[in-house]
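Participant:
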Amino acid sequence: MFRSGVTTAARTVSKSSPASVESMAAAGTTGRRVALWATGGQGCATPMVPNKMTVKTISAGRRSFHTTPARNTQSAGAVKATSASTQAATAESTAAAAATTPEEDGKDTIPGTSIRVFRTVAGLRAWRRGELLAGRTVGLVPTMGALHAGHMDLVRAAARDNDSIVVTIYVNPTQFGVHEDLSSYPRTWKEDGKALADVQLSLGGKHSKLGKIKAVFAPTTEEMYPSGPPSQEVDGHGSFVTITPVGQLLEGASRPTFFRGVATVCMKLFHIVQPETAYFGQKDVQQTVVLRRMVRDFAIPLKLVVGPTVREEPDGLALSSRNVYLGTRRRAVANVLRRSLLAAEAAVIKDSSLNHDQILVEAHRVADRTLAAQKQLPPHERALFEIDYLSLSDADTMEELGGEQRIDQKKGAILSGAVRMLPVENPQPGEDLGHSNGPLVRLIDNIIIEPKNT
Ligand code: AMP
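In this text, residue positions in the sequence shown follow this note's numbering: the first is 13, and each later residue adds one.
1. In three-state terms, what does DSSP make of P154?
2. In angstroms, rounded to a whole number, what distance separates the CA positions of E115 and V133?
3. If you compare alpha carbons, which of M164, H368, L389 is closest to Q212?
4. Checking 7 Å against the spacing of the C-beta atoms, do T200 and A158 come in under that value?
5. Between which two residues does the alpha helix (DSSP H) carrying F397 extend?
6. Would you say the beta carbon of S196 is closer than 6 Å to some non-hydrogen atom of the ligand AMP?
7. Among all the DSSP beta bridges, which residues are the ones paired with Q347?
8. Shortest alpha-carbon distance to V285 belongs to which of L136, T232, K315, E462?
9. Distance check for N335 and S448, CA to CA, integer angstroms please.
10. So, with DSSP's three-state summary, where would you put F271?
11. Using a Cβ distance threshold of 8 Å, determine whether the segment 282-300 contacts the segment 166-177, with at least three qualifying pairs required.
12. Candidates E443, C278, L262, G328: which alpha carbon is nearest R304's?
13. Let's test the definition: count the other Cβ atoms within 10 Å of the Cβ of A385 and tell me whether it reaches 16, buried, or not, exposed.
14. Should the segment 426-434 be regarded as contacting the segment 392-404, the criterion being three or more beta carbon pairs within less than 8 Å?
15. Is F229 near the ligand AMP - that is, is its Cβ less than 6 Å away from at least one heavy atom of it?
16. Mapping the DSSP letters down to three states, classify Q421 as helix, strand or coil.
17. Where does the unbroken alpha helix (DSSP H) through I312 begin, and where does it stop?
18. Is I426 closer than 7 Å to V297 when the C-beta atoms are compared?
Here it is as structure tokens:
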């Protein structure tokens, strides 16, 4: 496939990743982080092991959302066409985000706030029309839930620019490959509500009922994909938005259906919410490049704002909903990608005349040394990993620079990478292995080399 964004060393890495946990998006600011609990298919909460590197934790909420009973609106044909993993996730998200009628929709609120919970497109649209008629601007923050400080930063940015904010919480099946972690992806509905209530309070002070977060849109998959969920297979059928070639490079090469799913669901959310501005994190830098291209090429009338990557303290691991899968042993090594990218950035800062290969060799050196040190440890202590890719790419297209090419100072460039944290060997009795017993976790990160006005 398209491996133009990958250095020779990275190309040799095995691409097989059974039951892998792929990270969608990228590093150290506030360490505030939601205590993570998984809401299972029956709505029962299962505690997950908190990350040991976390500095502060938002306490888990005690209150739950008011929900109406789930109604299965999916046709038999649609169910047949759905992959097993999609069905599992659909069942789960239906339990957490119960379907409702457009008339009832929006009556439920997040406890202690006036944030309305919408499940239907019609209900959300009716509310949106009211905002339009009242002359209020709307900012959209799309998420897959399991909210953390990175998401909250985007909400704060939206609050600075808009009268009203819609946060969407929807685990979108079409951006997961068939072997990815759709069914185990953390779903933390109650805690997400608590986190939103807290940020609403911090935005609105004592008058949190007047805060700018007006709505959470948490549809079921039946609601988002009324013809049945499109296939997760690469050559499967469905109504898709594809943005190429950028969507096929780097992350798109490793996850061939990922950007197709992201672009498709974001196109839908943009149509449903019709925001003036939509907010995305730099952590998923390629996602922002894909979506910018989509907004431009489809003349979508909105502004896209990218917020900085929020990182855990003290080691700068980018916050991700998937960090809960790591467990203690792997967490201690998981910032290898961050350190590798920082080494490459330091080389650029020191000598702006370095070419692509000279820059990336610095990143590979850090990764190689870290791996060698882990390999020296006995199997029950070490955490092994594989670098999927380390890249230095064009800032607009994410095409890899040529080996001897230097960074165009007027344009800047993007340093990015992905690492697979392998399941630990010889787990010890009582060891914290992370969520779902610590499957393979794929983490991504990036650093933007800013243009210079020379
Ligand atoms: P997700 O819930 O993972 O789909 O992410 C929803 C949005 O939050 C995306 O725009 C992500 O780029 C953004 N995001 C996720 N993690 C971070 C982070 N650590 N810092 C900033 N933004 C983030």
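Note that beta-carbon positions come from the ideal geometry of N, C-alpha and C, so glycine has one too.
Facilitator: Answer, in terms of the structure:
1. By 1-based counting over the sequence shown, the position of residue 154 is 142. P154 carries a strand assignment under DSSP once its states are collapsed to helix, strand and coil.
2. As a first step, residue 115 must be located in the sequence shown, where it is residue number 103. As a first step, residue 133 must be located in the sequence shown, where it is residue number 121. Computed Cα separation, rounded: 11 Å.
3. Translated into positions along the sequence shown, residue 212 becomes position 200. Q212 has its Cα closest to that of M164, out of M164, H368, L389.
4. Translated into positions along the sequence shown, residue 200 becomes position 188. Translated into positions along the sequence shown, residue 158 becomes position 146. In contact: T200 and A158 (Cβ atoms closer than 7 Å).
5. Locating residue 397 in the sequence shown gives position 385, where the first residue counts as 1. No alpha helix (DSSP H) holds F397; the beta strand (DSSP E) holding it covers 397-406.
6. Numbered from its first residue, the sequence shown carries residue 196 at position 184. No, the ligand AMP has no heavy atom inside 6 Å of this Cβ.
7. Residue numbering aside, residue 347 sits at position 335 when the sequence shown is read from its first letter. In the sequence on display, residue 347 carries Asn and not Gln. Per DSSP, none; premise fails for N347.
8. In the sequence shown, residue 285 corresponds to position 273, counting from 1. V285 has its Cα closest to that of L136, out of L136, T232, K315, E462.
9. Taking the first residue of the sequence shown as position 1, residue 448 is located at position 436. Taking the first residue of the sequence shown as position 1, residue 335 is located at position 323. Rounded to the nearest angstrom, the two C-alpha atoms are 12 Å apart.
10. The residue labelled residue 271 in the question sits at position 259 within the sequence shown. Looking at F271 - three-state DSSP - the assignment turns out to be helix.
11. yes
12. As a first step, residue 304 must be located in the sequence shown, where it is residue number 292. When only C-alpha atoms are compared, the closest one is C278.
13. Translated into positions along the sequence shown, residue 385 becomes position 373. Counting Cβ neighbours within 10 Å, A385 comes out exposed, since fewer than 16 surround it.
14. yes
15. Counted from its first residue, the sequence shown places residue 229 at position 217. Checking every heavy atom of the ligand AMP against the Cβ of F229, none is found closer than 6 Å.
16. As a working mapping, residue 421 is identified with position 409 in the sequence shown. Residue state, collapsed to three classes: coil.
17. Here the question's residue 312 lines up with position 300 in the sequence shown. Element bounds for I312: n/a, residue is neither H nor E.
18. In the sequence shown, residue 297 corresponds to position 285, counting from 1. In the sequence shown, residue 426 corresponds to position 414, counting from 1. Yes, they are a contact pair.
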